[in-house]
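Asker: Take a look at this one; I'll ask things after.
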Ligand code: TXA
Ligand code: MG
């Protein structure tokens with residue numbers, strides 16, 4: 079057991095202390111615009127191993143490497159990939175931001191970071207605390223989301239403490255995450271662009287810049303292309319059931335049933351056709367997809383804390399950020 083301290087991310091002394099911990103090989107949790115990450119020096123295999131241990135994360139699941147500047151891509155990706163004009167275009171338009179680009183890696187990135195793959199996921203995050211931390215540490219920071227493996231990702235410092243308290247020394251506080259779902263992950267390889275994970279950058283935005291994305295889809299190929307994308311993920315303790323937009327379900331006798339409504343209309347419909355609900359969360363009263371994404375994990379954490387047996391989650395349209403939301407809801411609903 080280590081003592082976990084929450085330090086203010088807007089304080090220079092706290093950043094220096096966290097950066098020193100990173101350089102000393104200790105994991106540090108920090109905010110990004112998507113979710114909180116659990117970071118370690120990406121060039122130090124032992125430090126990265128501590129991240130896997132703190133999360134109970136299996137070693138087949140690769141980590142994303144966080145940089146402060148797109149110019150650093152050349153240091154960690156092979157020249158042929160780093161010089162791909164699509165990288166420059168995406169970097170100029172979408173970095174800093176919720177996009178991870180998977181390219182063939184240079185040997186400087188230890189195998190544990192990429193789970194033995196010959197590719198590495200690179201991203202420049204858009205959160206002042208993350209940017210200050212990486213700059214102060216002076217090394218690229220490998221960071222998965224700061225949750226226990228398979229659980230709901232953290233969008234507030236308190237979510238990190240609830241899951242990793244006693245396992246890590248420092249959590250930098252940076253307020254609630256603005257985007258709320260993880261980065262979109264794409265892989266670029268000889269003339270192809272492959273969507274590995276829908277996320278905080280809508281696929282439409284990426285396609286407008288570099289043309290159509292191939293979809294990795296589900297199944298064994300995806301499992302080997304994007305390890306760690308197992309069906310069951312983002313799971314609260316209660317069982318999650320996905321229903322149609324504006325759908326509901328009746329509580330079984332003695333059951334504590336929760337509702338994750340897409341909007342106010344959905345809430346009313348679910349209350350008219352099902353319930354009673356012991357706890358209700360509305361992702362966005364007006365049905366705004368940015369607000370829905372930003373509140374998704376926070377709502378799941380709150381429902382999880384309500385001691386429910388089952389959570390009814392309403393589907394949302396699968397366009398824009400809705401694709402990432404539905405991806406997370408399907409995985410939350412899948413039982414391994
Ligand atoms: O927004 C985010 O991306 C957050 C914040 C902290 O930056 N990070 C995050 O990391 O979501 P994580 O570890 O929870 O998810 C990383 C996923 C892996 O599970 C895998 O699916 C994909 O990104 N990935 C990473 N490197 C890869 C690679 N070399 N090849 C294929 N997929 C990769
Ligand atoms: Mg994760």
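Numbering (the numbering used here), first residue to last: 79 to 414. Quick reminder that beta carbons are idealized off the backbone N, C-alpha and C, glycines included.
Please give me, in chain order, every unbroken run of the alpha helix (DSSP H) with length at least 4 that falls completely inside the stretch 85–124.
Answerer: Secondary structure in the stretch 85–124: the alpha helix (DSSP H) runs of 4 residues or longer, each lying completely within the stretch, are 90–101 in chain order.
Asker: Count the other CB atoms, across all protein chains shown, that sit within 10 Å of the CB of residue 218; report buried if there are 16 or more and exposed otherwise.
Answerer: buried
Asker: Between residue 142 and the ligand TXA, is the CB less than 7 Å from at least one heavy atom?
Answerer: yes
Asker: For residue 339, which residues of its own chain have a beta-carbon under 8 Å away from its beta-carbon, when the five flanking residues on both sides are left out?
Answerer: 345, 348, 358, 359, 360, 361, 392
Asker: Applying the 10 Å Cβ sphere with the 16-neighbour rule, what's the burial state of residue 138?
Answerer: exposed
Asker: Only counting the same chain, and skipping five residues up and downstream in sequence, which positions put a Cβ closer than 7 Å to that of residue 447?
Answerer: This structure cannot speak to residue 447, because the chain is shown only from 79 to 414.
Asker: Under 8 Å, do residue 230 and residue 190 count as touching if we go by C-beta distance?
Answerer: no
Asker: Are the beta-carbon atoms of residue 107 and residue 121 separated by less than 8 Å?
Answerer: Contact: no.
Asker: Flag residue 115 as yes when its Cβ comes closer than 7 Å to any non-hydrogen atom of the ligand TXA, and as no otherwise.
Answerer: yes
Asker: Can the beta-carbon of residue 322 be found less than 8 Å from the beta-carbon of residue 292?
Answerer: Contact: no.
Asker: Between residue 326 and residue 356, what straight-line distance do the alpha-carbon atoms span, to the nearest angstrom?
Answerer: If you take the alpha carbons of residue 326 and residue 356, they lie about 13 Å apart.
Asker: May I ask you to check if the CB of residue 260 is nearer than 7 Å to at least one heavy atom of the ligand MG?
Answerer: yes
Asker: Cβ of residue 195 versus every heavy atom of the ligand TXA: is any distance shorter than 7 Å?
Answerer: Taking 7 Å as the cut-off, the C-beta of residue 195 counts as close to a heavy atom of the ligand TXA.
Asker: Taking its Cβ as the centre, do 16 or more other Cβ atoms sit within 10 Å of residue 413, making it buried, or is it exposed?
Answerer: exposed
Asker: Kindly indicate if chain B contains any beta-carbon less than 8 Å away from that of residue 207.
Answerer: Among the chains of the structure shown, chain B does not appear; only one protein chain is present.
Asker: Is the Cβ-Cβ distance between residue 318 and residue 411 less than 8 Å?
Answerer: Closer than 8 Å, so yes.
Asker: Following the continuous alpha helix (DSSP H) through residue 351, name the residue where it begins and the one where it ends.
Answerer: First-last of the alpha helix (DSSP H) with residue 351: 342–351.
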